[in-house]
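Below is one structure, written out as structure tokens; the observations come after it.
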Amino acid sequence: MKILVINAGSSSLKYQLFDMDNGTVLAKGLCECIGTGGRITHKKTGDEPYSLDIPFPTHDEALEAVLAVLTDEVHGVITDISEIDAVGHRIAHGGEKCKKSTLLDEETIAYIESIVPINPLHGPPALKGIRGCMRLMSTTPQVGVFDTSFYGEIPDYAYIYPLPYELYEQYQIRRYGFHGTSHRYVAGKVAELMGRPIEELKIVTCHLGNGSSITAVDHGKAIDTTMGFTPQEGVMMGTRSGTIDPTVVTYLINSVGMSGEEVEGILNRKSGLLGVSGISNDARDVTKAANEGNYRAQLALKILAHGIKKFIGSYIAEMNGIDALVFTAGLGENDIALRERVCADMDFFGIAIDAEKNNVRSETRNISADGARVQTFIIPTDEEYMIAMDTMSLVSR
43 MKILVINAGS
53 SSLKYQLFDM
63 DNGTVLAKGL
73 CECIGTGGRI
83 THKKTGDEPY
93 SLDIPFPTHD
103 EALEAVLAVL
113 TDEVHGVITD
123 ISEIDAVGHR
133 IAHGGEKCKK
143 STLLDEETIA
153 YIESIVPINP
163 LHGPPALKGI
173 RGCMRLMSTT
183 PQVGVFDTSF
193 YGEIPDYAYI
203 YPLPYELYEQ
213 YQIRRYGFHG
223 TSHRYVAGKV
233 AELMGRPIEE
243 LKIVTCHLGN
253 GSSITAVDHG
263 KAIDTTMGFT
273 PQEGVMMGTR
283 SGTIDPTVVT
293 YLINSVGMSG
303 EEVEGILNRK
313 SGLLGVSGIS
323 NDARDVTKAA
333 NEGNYRAQLA
343 LKILAHGIKK
353 FIGSYIAEMN
363 GIDALVFTAG
373 LGENDIALRE
383 RVCADMDFFG
393 IAIDAEKNNV
403 RSETRNISAD
413 GARVQTFIIP
423 TDEEYMIAMD
433 TMSLVSR
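Sequential numbering of the sequence shown, starting at 43, is according to our numbering.
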């Protein structure tokens, strides 16, 4: 079975074509500058990357280019798009109703459209990707895999905010959580690596990148997570502040005179590593400056590690224990120093890592120190494979 996975952004579109009979990637690529130009970079497994500048006025033209290159005589891996058995779409937000991966029909798509006000950044491009695929591949099943669905069973006391309850009833203001597909993948992978059923384990998964979230996975179920109503909440990120006193917002509006839009811009695009360091949202640049003695860069990295450590500790308390700690995503997989800072002075919880084992990037590895009660892992995430797996499961029924 061949599954095409689509991840549509506001001006980009990522894709991977899987052969699920053997779990391999046949080809993958990226369409960039949708609406402002256009460029596709395509890689057939085993070949060098191939790039082409081509106009992409909309997502439709980008999808047409994807299907064309997949069936190209030289760069393609299939002879006809009819060989694609199903398409899996990454959708950030499933709201209150889409709590598991599902076949996409008009009713479900209408619901995804209805919650765009609480998902304004990711909702519209995902819908464009879905509509484009339905137009170009009208007989091919389309499946939605939602980042929020992993949190569909977290307890109400973990997702209800302590606000007037009618705000939840009327406007669905609650914790939703994000990066769920990534957390689900690495939690399952760590259970496999430990040779134990996930139903026996208490795991804290740390998806750390330009956007970061931490999740408590108790006996295979997510019971809490750091991101909330939006991906803004939680630990400090590349340009997002993470959790702050909400009165800061009203102060900036009522006393400083900023507009709501200006404050939102500060919290989402000018804060985090960039805001504190004044240098960059890229941890590599901030780390370089910190190593050169820049105080604000050093402070930014300390705030980041401190926040991650606090959430890990709180989730250990929630689960009454921990068996495994997992680092994944761009920073989690590659930032040796960050992992070291986070795991320092955690021996009370049984967390200790070996410096030599930890000296690795983007590689699946158990980095626990000898004798540590908690097993600490680096596991590169593979959200696309999880989407392909869910898609295959649904269309095979």
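C-beta: ideal position from N, C-alpha, C; glycine also. These numbers come from a predicted model, not from an experiment.
Taking every protein chain shown into account, the CB of threonine 292 has fewer than 16 other CB atoms within 10 angstroms, so this residue is exposed. By the neighbour-count definition (other C-beta atoms within 10 Å, threshold 16), leucine 94 is an exposed residue.
Counting of Cβ neighbours within 10 angstroms places tyrosine 57 among the buried residues, the total reaching 16 or more. Put simply, of Ala128, Asp266, Ile82 and Cys73 the residue whose alpha carbon is nearest the alpha carbon of leucine 59 is Ala128.
Residue state for tyrosine 201 is assigned as helix, using DSSP reduced to three classes. The closest CA to that of threonine 433, considering only Ser356, Glu398 and Thr144, is found on Thr144. When only Cα atoms are considered, alanine 258 and aspartate 266 end up about 5 angstroms apart. As a beta-bridge residue in DSSP terms, glutamine 417 pairs with Ala366. DSSP, reduced to helix, strand and coil, places glutamine 58 within a strand of the structure shown. Ranked by Cα distance from glutamate 405, the options Leu105, Arg311 and Phe369 are led by Phe369. By the Cβ neighbour-count rule, proline 167 is buried, with 16 or more other Cβ atoms within 10 Å of its own. Annotation for aspartate 95: the continuous beta strand (DSSP E) segment containing it runs 92 to 95. By the 16-neighbour rule on beta-carbons within 10 angstroms, lysine 344 is exposed. Cysteine 385 sits in a helix when the DSSP states are folded into three classes.
Taking isoleucine 133 as the centre and dropping the five residues before and after it, the same chain places the C-beta of Ala168, Gly186 and Phe188 closer than 6 angstroms to its C-beta, in chain order. By the neighbour-count definition (other C-beta atoms within 10 Å, threshold 16), glutamine 212 is an exposed residue. The distance from the Cβ of isoleucine 354 to that of valine 246 is about 5 angstroms, consistent with a contact at the 8 angstroms cut-off. Pairing glutamate 275 with aspartate 122, the inter-Cα distance amounts to about 44 angstroms. In the DSSP assignment, glutamine 184 forms a beta bridge with Val129.
By the C-beta criterion, the stretch 231 to 239 is judged not to be in contact with the stretch 327 to 341, since fewer than 3 inter-stretch pairs fall below 8 angstroms.
By the Cβ-count criterion, phenylalanine 391 is buried, with 16 or more other Cβ atoms from all chains shown falling within 10 Å of its own Cβ.
Here isoleucine 345 carries a helix assignment [DSSP, helix/strand/coil]. Excluding sequence positions up to five before and after cysteine 75, its CB lies within less than 7 angstroms of the CB of Ser53, Arg81 and Phe98, all in the same chain and listed in chain order.
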